[in-house]
Structure formats: structure tokens, C-alpha cells
Amino acid sequence: MKNQEKTPEENLTKLTEFVLLGFSDVPHLQWFLFGLFLFIYIIILIGNSTIFVITKLDPALQTPMYFFLGNFSCLEICYVSVTLPRMLTDLWTQQRTISSVACATQMCWVLILGTTECFLLAVMAYDRYVAICNPLHYPLIMSHKVCVQLVVGSWISGVPVQIGQTVQIFSLPFCGSNLINHFFCDIPPILKLACGNIFVNVMIVYLIVVLFVMVPFLLILLSYGKIISTIFKLPSATSRGKAFSTCSSHLIVVALFFGSGIITYLRPTTQDSAGTDKVLSLFYTIVTPLFNPMIYSLRNKDVIMALRKLLGK
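Quick note on our numbering: the sequence shown kicks off at 5 and runs consecutively.
Written out as C-alpha cells, the structure reads:
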């Protein structure tokens, strides 16, 4: 994100609409991109819905780990539905305009659901930590009541802060261009359109990213540090292999989501690459929801067995 002071060349105006440029820089690929993203959206909906259904219906999957996985799949459906349908509409109609209210609403939901994903991934890491490092007390510590409280907390913790951040960003004065060089209303491209000194706004964004992204990420790293230490102390190779298999899927999702998100929001302010922002945003808004059901189903025998029983019925 850039921290710069812009001097407007014309009177400040309260913009009533923006233009999402999206992938307009490759006009010859518009229909190909529409077909590709529509296919991806359908796969995401089918894959994550399947994971959600089998974790609710199969008796063998009524454990905290799969309770969190079911909620995570539901979250992925919500998260991708905030951005992809709008992108598909823009590719289909080539209109690309979005009202300031719709833009603010989209940004707010992206931020809220993104925060929820950060917290939920941290909760899932904590669940694996208790299961592997403190197995005898696992049923007591991760009771159903505690699991529900952790999930509800993940969903609502970021709501007031992210609503406030959205209001604060869209209260800024804008001047000149209303072109957003992105495929959805994200913080970095919106701030580039603001006039005046936005240093305070940028610092607030950094602070929130540290609290809601870096802190959960560090807790995940701490959990897995203890998990790996415990795994290496297990007596048999079979036990170690089983423990690693239950954690590897989660680690892959963590790497995809946090890696792209942290780079996007905490890159040095001297860099200015809209193309890089778009690619990185694709990872945490589309690629992670796409790979989530594949990663957990292909690497998990319990999920495969539950899926076979569901298909058999």
C-alpha cells in the first residue's frame, strides 16, 4: 500500500460510483476468463458444500476437527460468493461500474470473512495441538460447548472493527479518477484513489492487519512448533505418520491463505504493482476455497469413506 499525499487538481468530489477494471487489460481473454471463473465457482460451491454436508451427516465425523472443517467449508462458500459473482457479472456485461455503497459493502464483507478465516484457522491449529499434545484431556478441553464458542467467536470477533475500518476508508475524500485497478473493492486500490495525507489511514490498516492476521498466524506457528516437537517424541513411525497426516492438510491451507494475504497487505510501500495485487488476491479469495475440499478429501481417509457412503446412498 502506498502512503503518499495527493494534491487534487480539481475540487474534491464525493464519488457515487467506481469502476472495477478487473482484467480489462486483456480484452481478448474476457470470455475465456468468464468460463474459467464460472467453472471454478461451481467447483468451489460443490466441493465445499459436499464437505459441509458430510461433516454434518456422517456419524464418524462428529468430532471437533470435522466440526471446525464443516464451518470452514461454509465460510469458504460465503467468502468466495462476495467477490466471484460480481467478477463474473463484470466479465459478462463489461459494465464494471459499482456504486460506492455496493463497493463499501463488498469490502466490509471481504474484511469480516477474511478475519473470520484467520481466527478459524488458528482455532483449527489449536484443536490439533490439544489432540496431539494433550490427548488424554482432549474430550474435556474441546467439548461441544467450547467448540461452538470458538466458532461463534471466530465469526463475530472482527465485525465491529472491520465495519469501523470500512466506514473510515470510505469517509476519505476522493478526487480525480474513480478507476479501481482490481477485480473487487479491496483496501490498497481504494486508498490509492484518496486525496490528502493518508498516513494515519495506512497505519490503522497495518495495525488491524497485525492484530487480525499476524497474531493468529503466529499462534498457528506456535501451535505447530509444539505439535512437531511432540510428534518427533512419538515412539513409532506409524504414530508419527498419522499425526503428520492430520496436520499437513491444514498447514497447506494456512500457507496458501496467510502467505498471499500477508504479502498483499504488508509489502513495502515502495512497490506499486496492481498486477501482483490481483494475482495474490486470487490466492486468498479463490484458490484457497478451490483447493480446500481437494486438500482435505484427498488426504483424509475418514472424509473419503464418508463421501463414498454419501454417494452410495
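All C-beta atoms, glycine included, are put in the ideal place defined by N, C-alpha and C. Nothing here was measured: the structure is a model prediction, and the numbers come from that model.
| Asked | Found |
| --- | --- |
| Assigned secondary structure, G200 (DSSP; H/G/I helix, E/B strand, else coil) | strand |
| Alpha helix (DSSP H) segment containing T20, residue limits | Neither: T20 is in no alpha helix (DSSP H) and is coded neither H nor E. |
| Own chain, CB closer than 6 Å to T274, minus 5 neighbours either side, in chain order | Because T274 sits at a pLDDT of 48, beneath the cut-off of 50, its placement in the model cannot be relied upon, and the point is left open. |
| Contact under 8 Å by Cβ, C122 with F71 | no |
| For I44, the first and last residue of its enclosing alpha helix (DSSP H) | Q34 to L61 |
| Rounded Cβ spacing between N182 and V23 (contact assumed at less than 8 Å) | 6 Å |
| Where the beta strand (DSSP E) containing I102 begins and where it ends | T101 to S103 |
| Cβ-based neighbour list, P220, same chain, cut-off 7 Å, excluding 5 preceding and 5 following | C122, F123, L125 and A126 |
| Anticipated Cβ contact below 8 Å, K230 with C137, distance rounded | 6 Å |
| Straight-line Cα distance separating L294 from L95 | 20 Å |
| Contact belief for I290 with S301 at Cβ below 8 Å, rounded distance in angstroms | The pair is not a contact, with the Cβ atoms about 18 Å apart (cut-off 8 Å). |
| Beta-carbon spacing of L42, L92 below 8 Å | yes |
| Own chain partners of M128 with C-beta closer than 6 Å, once the 5 adjacent residues on each side are dropped | F72 and H254 |
| Closest residue to G168 among P192, T109, Y142 and F287 (Cα-Cα distance) | T109 |
| Spatial neighbours of W113 in its chain, beta-carbon cut-off 6 Å, leaving aside the 5 residues before and after | V86 |
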